[in-house]
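The opening position of the sequence shown corresponds to residue 2 in this note's numbering, with each subsequent residue numbered one higher.
For each residue, glycine too, the CB sits at the ideal point set by N, CA and C.
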Amino acid sequence: MALPTLRLIAFLLGIFLITLAFSMIIPIITLLSMGTPEGLSDFLWPTLITVGCGLAMVLPGYPQNVQLRPRDMYMLTTSSWVVVCMFAALPMVFIHHISYTDAFFETMSGITTTGSTVLSGLDNASPALLIWRSMLHWLGGIGFIGMAVAVLPLLRVGGMRLFQTESSDWSEKVMPRSHMVAKYILCIYVGLTLLGFLAFWIAGMTPFEAINHSMASISTGGFSTSDSSLAHWPQPSVHWVAVVLMLLGSLPFTLYVAFLRGHRKALLRDQQVRGFLGFLLITCLAFATWLWLHSEHAWLDALRIVTVNVVSVVTTTGFALGDYSQWGGFAVLMFFYLTFVGGCSGSTAGGLKIFRFQVAYVMLKANMQQMIHPRAVIKQQYNNHTIDEDIVRSLVTLSFFFTITIGVIALGLALIGLDWITALTGAATAVCNVGPGLGPIIGPAGNFASLPDSAKWLLSVGMLLGRLEIITIFVLLTPAFWRH
2 MALPTLRLIA
12 FLLGIFLITL
22 AFSMIIPIIT
32 LLSMGTPEGL
42 SDFLWPTLIT
52 VGCGLAMVLP
62 GYPQNVQLRP
72 RDMYMLTTSS
82 WVVVCMFAAL
92 PMVFIHHISY
102 TDAFFETMSG
112 ITTTGSTVLS
122 GLDNASPALL
132 IWRSMLHWLG
142 GIGFIGMAVA
152 VLPLLRVGGM
162 RLFQTESSDW
172 SEKVMPRSHM
182 VAKYILCIYV
192 GLTLLGFLAF
202 WIAGMTPFEA
212 INHSMASIST
222 GGFSTSDSSL
232 AHWPQPSVHW
242 VAVVLMLLGS
252 LPFTLYVAFL
262 RGHRKALLRD
272 QQVRGFLGFL
282 LITCLAFATW
292 LWLHSEHAWL
302 DALRIVTVNV
312 VSVVTTTGFA
322 LGDYSQWGGF
332 AVLMFFYLTF
342 VGGCSGSTAG
352 GLKIFRFQVA
362 YVMLKANMQQ
372 MIHPRAVIKQ
382 QYNNHTIDED
392 IVRSLVTLSF
402 FFTITIGVIA
412 LGLALIGLDW
422 ITALTGAATA
432 VCNVGPGLGP
442 IIGPAGNFAS
452 LPDSAKWLLS
462 VGMLLGRLEI
472 ITIFVLLTPA
482 FWRH
């Protein structure tokens, strides 16, 4: 990679660090407004360190006549997430006095909107720490939306080309300039966050709890201000507000822009959205009926409890309402399967994404029809888009390496000494960016604090791989990438 290109990447990373440093001012303001100024220095030093390093990377200036090629975007995308996590972990070391390993794990979990945690005693934790964790979710969520819309399609990774159809291709027909697209998406993201804040506040949370959970919900992150997660608030209204916000965060933000720009039926016509909502509706109704028959819950209570947990897992948010691992073997296996589904492409959700399952079904159906009618010419379409060889190759490659990555990380965790349930579900929840795993250690009633440091670093790599859709990082490991 040429030196001018590296200088440009370093310049952009410096911009990211300066932005991160300004974000650290919000926890400082939180401490001052809540009358607890004793933790100011714990955030002041990380802020100064971060802005200093950012300025050192920016001051050499913007290299002239240098443009990033698609291959350079792989390096920028991966390095930006790693570097931001490295510096965003500093406040946790200063304010909570935990090891850098635990701080980096918590930060990577936050900024990838995974929601796995090593912290406990959140009910009495510093307000600055709680708001910083939620901000990591919020910043990571909007960062991933921008990457999914602007970067991954250029790298032929994210599958967004499938959604450039007549009904939703607003990027060319309505708003041709990318900075306008980013502005609309950011406004929508902020607007939904504010609406979520008001809804949680009205439902029974304090303003501080409401803003934290709004940021965690719309980013499908899952960090809570209580060790009990949503179970800390018994009001059903709080639970239903969380469900709505998790759903809003897991829908394609490009379609929100299309809606605002006049395509009023964009969301309803999108095949991915209809499939995603239909899948959740059927799963929640069937699962709630099963829980009602096998517990003492009334049917409406069973529906609420199941809906919160199912939507949380499928949207990869990570909130929990009770310990569903105690519901029996069927429920445990069901939640393990749901871990892999994910939300919609172009949203804040992780996982495999629902559209890949839908495309696989279209291909399976066409293949079976071809076996029955060998001479027939069968047209494969999804979302009014022809499924060409390039899309099939991308889908198969990502799905294959997604599965292999989970398997390899699980073997690594088992080699470190973890039991097979913790190893397998820990690997799956990290790569799928879900949050809690299964079992007595990392299940919805536990956390990741007791895991060895080596396991936390391995899981941090899994979170990053899953968030960046794996191929984006794997390409950096190939010798061909580093050849001039």
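Cα-Cα separation between V311 and W241, rounded to whole angstroms
Taking the sequence shown and counting its residues from 1, one reaches residue 311 at position 310. Taking the sequence shown and counting its residues from 1, one reaches residue 241 at position 240. Using only the alpha carbons, I get a separation of about 13 Å.
Rounded separation between N492 and C54 - CA only:
Residue 492 cannot be examined here, being either before or after the span of the chain that is shown, 2 to 485.
Who are the Cβ neighbours of G15 in its own chain at under 6 Å, not counting the five residues just before and after it?
The residue given as residue 15 occupies position 14 in the sequence shown. So the qualifying residues of the chain are G55, M58, V59.
So if DSSP puts Q382 in a beta bridge, which residue, or which two residues, is it bridged to?
Here residue 382 is taken as the residue at index 381 of the sequence shown, counted from 1. Residue pairing by DSSP puts Q382 in a beta bridge opposite T387.
Tell me, to the nearest whole angstrom, how far the beta carbon of T473 is from that of T31; I am working on the premise that it is less than 8 Å.
Residue mapping note: residue 473 aligns to position 472 of the sequence shown, counting from 1. Residue mapping note: residue 31 aligns to position 30 of the sequence shown, counting from 1. Not quite, the Cβ-Cβ distance comes to about 34 Å (not below 8 Å), so this is no contact.
Figure out for me which residue from L268, R262, G408, R305 has the closest Cα to the Cα of V182.
The sequence position of residue 182 within the sequence shown is 181, counting from 1. The residue with the shortest Cα to Cα distance from V182 is R262.
Exposure label - W300; buried when at least 16 CB within 10 Å
As a first step, residue 300 is located in the sequence shown; it is residue number 299 there, counting from the start. Classified as exposed, W300 has fewer than 16 neighbouring CB atoms from the shown chains inside 10 Å of its CB.
Assuming contact is defined by CB atoms lying nearer than 9 Å, are T284 and L246 in contact in what I supplied?
As a first step, residue 284 is located in the sequence shown; it is residue number 283 there, counting from the start. As a first step, residue 246 is located in the sequence shown; it is residue number 245 there, counting from the start. It is not a contact, given that the beta carbons lie outside the stated cut-off.
Does the beta-carbon of Q382 have 16 or more other beta-carbons within 10 angstroms, so that it is buried, or is it exposed?
Here the question's residue 382 lines up with position 381 in the sequence shown. Result: exposed.
A3: buried (16+ other C-beta within 10 angstroms of its C-beta) or exposed?
In the sequence shown, counting from the first residue as 1, residue 3 sits at position 2. Answer is exposed; the Cβ neighbour count stays below 16.
Pick helix, strand or coil for A57, following the three-state DSSP scheme.
For this step, residue 57 is matched to residue 56 along the sequence shown. The answer is helix: DSSP assigns A57 an H, G or I state.
Below 8 Å on the Cβ atoms is my contact criterion, and I expect S135 with A217 to pass it. Report the Cβ-Cβ distance as a whole number of Å.
Sequence index remark: in the sequence shown, residue 135 carries index 134 (1-based). Sequence index remark: in the sequence shown, residue 217 carries index 216 (1-based). Contact flag correct, Cβ pair sits at about 5 Å.
Quick check on DSSP: helix, strand or coil for N448?
Position 447 of the sequence shown, counted from the first residue, corresponds to residue 448. Reduced to three states, the DSSP call for N448 is coil.
How big is the Cα-Cα spacing for G323 and L459?
As a working mapping, residue 323 is identified with position 322 in the sequence shown. As a working mapping, residue 459 is identified with position 458 in the sequence shown. When rounded, the distance between both Cα atoms is 28 Å.
Expressed to the nearest angstrom, what Euclidean distance is found between the alpha-carbon atoms of R8 and V85?
Locating residue 8 in the sequence shown gives position 7, counting from the first residue. Locating residue 85 in the sequence shown gives position 84, counting from the first residue. For R8 and V85, the distance between alpha carbons rounds to 17 Å.
Backbone CA spacing between G330 and L193 [nearest angstrom]
Counted from its first residue, the sequence shown places residue 330 at position 329. Counted from its first residue, the sequence shown places residue 193 at position 192. Rounded to whole angstroms, G330 to L193 spans 37 Å at the Cα level.
What does the Cβ neighbour count give for G418, buried or exposed, with the cut at 16 atoms within 10 Å?
Counted from its first residue, the sequence shown places residue 418 at position 417. With fewer than 16 Cβ atoms within 10 Å of its Cβ, G418 is classed as exposed.
Among residues of its own chain, excluding the 5 on either side of A415, which ones have a beta-carbon nearer than 7 Å to its beta-carbon?
Start at 1 with the first residue of the sequence shown, and residue 415 comes out as number 414. The residues are W421, A424.
Can you have a look at G62 and say buried or exposed, based on whether 16 or more other CB atoms are within 10 angstroms of its CB?
Sequence index remark: in the sequence shown, residue 62 carries index 61 (1-based). The Cβ neighbour count for G62, taken over all protein chains shown within 10 Å, is under 16; the residue is labelled exposed.
By DSSP, does T115 sit in helix, in strand, or in coil?
Working through the sequence shown from its first residue, we reach residue 115 at position 114. Here DSSP, grouped into helix, strand and coil, assigns T115 to coil.
Cutting at 7 Å between CB atoms, please list the residues of its own chain near D170, excluding the five before and the five after it.
Counted from its first residue, the sequence shown places residue 170 at position 169. Low confidence applies here, because D170 scores a pLDDT of 36, under 50, leaving its location unreliable and the question unanswered by this model.
Is the beta carbon of T349 sitting closer than 9 Å to the one on F145?
Position 348 of the sequence shown holds residue 349. Position 144 of the sequence shown holds residue 145. Yes, Cβ-Cβ distance for T349 and F145 is below 9 Å.
Can you tell me whether DSSP reads T220 as helix, strand or coil?
Sequence index remark: in the sequence shown, residue 220 carries index 219 (1-based). The residue asked about is misnamed: residue 220 is Ser in this sequence, not Thr. Correct three-state label for S220: coil.
For the region 186–265, list the beta strand (DSSP E) runs that are entirely contained and at least 3 residues long, ordered along the chain.
Whole beta strand (DSSP E) segments, 3+ residues: zero.
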